[in-house]
Amino acid sequence: MASRFNALKADAAWQKVWDDNRTFAARNDSSKPHAYVLEMFPYPSGHIHMGHVRNYTMGDVLARFKRMTGHEVLHPMGWDAFGMPAENAAMEKGVHPGGWTRANIATMKAQLKRLGFALDWTRELATCDPDYYGHEQALFLDLYASGLVYRKESAVNWDPVDMTVLANEQVIDGRGWRSGTLVEKRKLNQWFLRITQFADELLEGLKALDHWPDKVKLMQENWIGRSRGLTFGFEIAGGAERIEVFSTRPDTIFGASFVAVAADHPIAQAHAADSPEVAAFIARCKQGGTTAAEIETQEKLGFDTGLKAIHPLDPAIELPVYIANFVLMEYGSGAVMGVPAHDQRDLDFARKYGLEVRRVVADGDKTGAVFDGDEAYSGPGALVNSGFLDGMPVEEAKRAVIARAEDEGWGEGSTVYRLRDWGVSRQRYWGTPIPIVHCAACGPVAVPKDQLPVTLPEDVSFDVPGNPLDRHPTWKHVACPTCGAPALRETDTLDTFVDSSWYFIRFASQPDDRPFDKATVEKWLPVGQYIGGVEHAILHLLYARFWTRALKHLGMIDVDEPFAGLFTQGMVTHETYKSAAGAWLSPTEVEDGIETATGKPITVGRVEKMSKSKKNTVDPGPIVDQYGADAVRWFMLSDSPPERDLPWSESGIEGAWRFVQRLWRLFDDEKSGEGEAKDATIDRKLHQTIAGVAEDIEALSFNKAVAKLYALVGLLEKAPPSASRAEATRTLMRLVAPMVPHVAEEAWAAAGHEGLVADAAWPAVDPALLVEDEVTIAIQINGKLRDTLTLPKGTERGDIEAAALASDKIARALDGKPPRKVIVVPDRLVNLVA
RNA sequence: GCGGACGUGGCGAAAUCGGUAGACGCAGCGGACUUAAAAUCCGCUUGCCCAACGGCAGUGCGGGUUCGAGUCCCGCCGUCCGCACCA
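Residue numbers (the numbering used here): 125 to 958.
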């Protein structure tokens with residue numbers, strides 16, 4: 125008598141059992157091998173979205189599987205709780221960022237629990253809790269003491285109407301999001317972490333990360349951007365000044381036709397003092413925001429200073445010196461030589477200002493000095509029109525120029541990085557206060573550790589733009605810790621990326637009196653498998669790697685890399701809908717191509733990332749209530765490979781729900797207990813599935829594991845009763861347990877097992893059952909399939925060939941002519957070349 | 001602008017080492033069961049040609065290497081992601 129699986133009831137019951145038994149609490153001192161499975165912790169925005177569900181389901185399957193294969197598993201959860209949205213909510217709704225955040229955490233925690241994740245909630249943390257950020261302040265001061273923290277001027281987006289700093293996100297089409305005014309760059313004194321000191325280590329360390337996606341390693345490599353080149357000086361005609369430039373293409377030095385400096389280069393600044401025109405041009409360069417995309421896509425502008433730079437290899441050549449808006453003060457020395465023929469940006473600039481374009485690298489048979497066209501040539505070739513370099517290939521010429529510069533003393537070979545130091549100052553309230561006091565007499569002074577945490581004041585207002593900490597009546601006024609004189613607290617807070625740069629360490633070890641215990645951390649780290657969105661491929665992951673190395677540098681931890689394995693999952697997407705009137709419609713407002721409210725037909729748009737603006741989001745809450753946690757989890761794992769986008773669909777979740785019911789019927793089916801005969805087909809399929817699913821889960825190829833389980837279930841459903849069928853059905857409970865744990869527990873208990881399936885061992889594989897004794901062999905003529913044969917595995921080449929030639933279809937296709945050549949791949953195919 | 005990826009039926013995909021393209025799921029179509037519906041079960045399902053046997057084409061586009069290419073190489077096109085103050 126097949127009953128229905130009541131997901132609502134079973135979900136709640138088993139979740140309570142896991143909670144009551146503290147089934148998923150990790151024990152630091154367990155003798156089992158340790159496994160640390162971590163998903164990127166969420167920002168508490170208010171509700172769990174499908175992306176979270178997908179991310180945490182993947183980690184959960186792995187965590188549960190690791191437990192079943194004998195590991196002590198750490199699978200924690202927490203909250204990346206500082207950030208701008210809380211302040212925006214405060215401005216819009218008049219709520220306190222802290223209250224808003226904590227309410228969101230409560231909501232989202234309940235939603236996560238509803239999905240039955242095997243999480244160790246005893247280690248839950250929120251970064252906005254002083255118990256967390258106080259330890260972070262201590263770590264910041266350790267870095268400060270070791271010289272890894274410093275202060276310098278750096279540009280921010282400035283809204284001149286609201287008189288406030290804007291995040292890049294708050295700059296829309298070059299304008300402040302509230303005021304609508306054009307944004308400017310403004311310099312502020314800010315705190316920086318010396319990540320560049322670790323540039324080389326961070327680059328070299330990538331090589332050891334075998335379980336990271338190649339694309340992420342490549343992106344980090346390009347981001348760090350190590351390049352070897354020549355740093356050299358141009359003398360200025362008739363002056364004492366010298367301009368130092370860096371070039372990765374010193375070989376093209378005879379092709380230089382201008383020198384360009386950044387707007388905030390000292391030479392530009394010096395000339396601004398004498399010339400209103402220069403000052404005006406520099407002011408123009410300050411327009412616009414600070415993002416690389418904005419700077420590099422804006423029109424390339426230059427201003428001829430009238431200065432002439434003397435070519436170091438030929439004093440007769442004088443190059444004009446421009447101030448240019450595309451040269452960055454942060455990279456190299458803030459000045460470049462322009463070689464238009466072999467760099468696209470330089471070519472655009474030269475054509476615009478009518479500068480010489482001289483070919484110095486041969487492009488095939490094009491060797492003339494006059495360079496036509498608007499496409500720079502950056503490929504390989506021999507040097508031409510370059511004096512002593514003529515005829516050398518590019519790499520040799522680079523070495524020759526560097527050698528000569530070092531010989532003659534006007535330059536030297538150097539390595540520069542694209543990576544810049546990490547600016548961590550934020551002019552905002554809802555973040556970790558930077559534990560520094562500014563004293564007129566003593567300068568910046570670290571807050572003594574026994575005075576930590578420096579906590580955020582609760583009584584703040586968001587009715588006017590700007591940083592509430594800065595205008596708070598009392599908070600920033602303190603005595604200098606060194607001399608006792610009246611002083612001011614730093615009112616900037618830390619970038620939230622600092623919070624997420626060590627949370628995985630605090631998960632592993634959480635003493636009250638210090639950030640972590642070294643020995644305990646080393647039991648768990650590195651994280652075995654880290655899972656999250658690819659949008660974090662560079663910044664978060666690089667900062668966390670840096671922070672780990674910095675702690676090692678301080679002797680606080682003996683770990684090089686925080687994440688041994690990394691997986692970046694795709695987004696959850698959904699169709700978009702528009703009403704007849706052209707407004708976006710949410711999926712709940714649409715049924716069968718009709719807008720429910722108006723009865724009018726709708727337009728179905730592209731499948732896109734779920735977003736509020738397109739209204740194509742699906743709230744997991746009601747879906748879980750309707751279909752149960754297992755169906756939602758199963759859907760998240762099915763069909764799409766985890767690194768690719770997953771299109772959410774109503775029919776898809778229904779299919780997943782039907783599968784959970786099918787499983788239950790199979791488990792509940794009384795005939796599975798009957799019969800004594802063995803069934804070799806089932807035995808073989810079962811063991812292939814055990815091995816295959818294990819392999820797929822380890823590789824995070826959940827979609828493939830799902831397909832294998834479907835195939836096994838399909839076979840069992842159709843099979844007549846037998847001992848093999850009964851055993852396979854019982855074994856199946858453990859195979860699906862990591863993915864659909866609630867129905868698995870229910871069936872496990874109903875079958876009379878003691879204990880939980882969550883604590884059961886992964887079934888053992890009989891290797892003898894993994895191999896097939898017969899194989900299907902394809903017979904091709906000229907690579908085209910003409911017939912297939914079933915032969916015993918391991919049949920000899922000659923016998924395979926004979927069997928192939930004996931086929932009627934083959935004989936007909938060959939039309940009596942013997943093949944010219946026969947290729948036999950044992951156990952695979954025969955290809956006859958006619 | 002720079003950097004990274006992806007592209008296979010109506011849809012999500014599979015093909016792990018260059019060896020039978022489309023496993024598995026969704027949708028669709030036909031059938032069984034039912035007074036009816038739901039649920040469930042069975043069958044079909046890349047396109048074109050053929051009564052059938054079967055044949056031809058086919059993995060974004062154009063070339064190439066190979067007995068054999070979704071897979072390797074060269075050149076395009078399209079889509080998506082990141083770019084340092086969103087998290």
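Backbone N, C-alpha and C define an ideal beta-carbon position, used for all residues, glycine too.
The criterion of a C-beta distance shorter than 9 Å is satisfied by residue 605 and residue 572. The three-state secondary structure of residue 238, taken from DSSP, is coil. Looking at 220, 467, 306, the one whose alpha-carbon comes closest to that of residue 381 is 467. In the DSSP assignment, residue 776 falls within the alpha helix (DSSP H) that extends over 774-792. Between the alpha carbons of residue 852 and residue 891 lies a distance of about 16 Å. Look at residue 617 here: in three-state DSSP terms it is strand. The C-beta separation of residue 672 from residue 686 comes to about 4 Å, placing the pair in contact by the 8 Å criterion.
Here residue 534 has 356, 357, 436 as same chain residues with Cβ atoms under 7 Å from its own Cβ, once five neighbours each way along the sequence are excluded.
Boundaries of the alpha helix (DSSP H) harbouring residue 138: 131-145, taken from the DSSP string. Going by C-alpha positions, residue 204 is about 27 Å away from residue 345. Where residue 916 is concerned, the enclosing beta strand (DSSP E) starts and stops at 908-916. It is roughly 35 Å from the alpha-carbon of residue 390 to the alpha-carbon of residue 496. The region 655-723 is shown to contain whole beta strand (DSSP E) runs of 3 or more residues at 690-693, 696-702, in chain order. For the alpha helix (DSSP H) assignment, the uninterrupted runs of no fewer than 4 residues enclosed by the region 481-556 are, from N- to C-terminal side, 518-532. With respect to the 9 Å criterion, residue 266 and residue 576 are not classified as neighbours on the basis of their beta carbons. Beta bridge pairing from DSSP links residue 317 with 273, 546.
Going by C-alpha positions, residue 509 is about 13 Å away from residue 463.
In this structure, the CA atom of residue 362 is about 22 Å from the CA atom of residue 458. Boundaries for residue 877: no alpha helix (DSSP H) harbours it, and the DSSP string shows neither H nor E there. As the crow flies, the alpha-carbon of residue 484 is around 34 Å from that of residue 341. When secondary structure is reduced to three states using DSSP, residue 607 falls in the coil class, being assigned neither helix nor strand. Going by DSSP, residue 746 is part of the alpha helix (DSSP H) stretching over 744-751. If you compare the alpha carbons of 474, 629, 953 with that of residue 910, the shortest gap goes to 953. Residue 207 is not a Cβ neighbour of residue 580, given a cutoff of 9 Å. The distance from the Cβ of residue 631 to that of residue 258 is about 17 Å, inconsistent with a contact at the 8 Å cut-off. Secondary structure in the region 312-388: the alpha helix (DSSP H) runs of 4 residues or longer, each lying completely within the stretch, are 323-329, 338-348 in chain order.
A distance below 6 Å between beta-carbons, with the five flanking residues on each side excluded, links residue 432 to the following residues of its chain, in chain order: 361, 442. Here residue 255 is exposed, its C-beta having fewer than 16 other C-beta atoms within 10 Å. When the beta-carbon positions are compared, residue 163 and residue 655 come within less than 9 Å of each other.
In the DSSP assignment, residue 945 is bridged to 957. As a beta-bridge residue in DSSP terms, residue 306 pairs with 299. Going by beta carbons, residue 779 and residue 764 fall outside the 9 Å limit. Excluding five sequence positions before and after residue 275, the CB atoms of its chain that fall closer than 8 Å to its own CB belong to 313, 314, 315, 316, 568, given in chain order. Out of 156, 236, 364, the CA that lies nearest to the CA of residue 174 is found in 236.
Between residue 539 and residue 350, the gap from beta carbon to beta carbon is short of 9 Å. For the pair of segments examined, the region 731-740 was found not to touch the region 652-668: the number of CB pairs separated by less than 8 Å stays below three.
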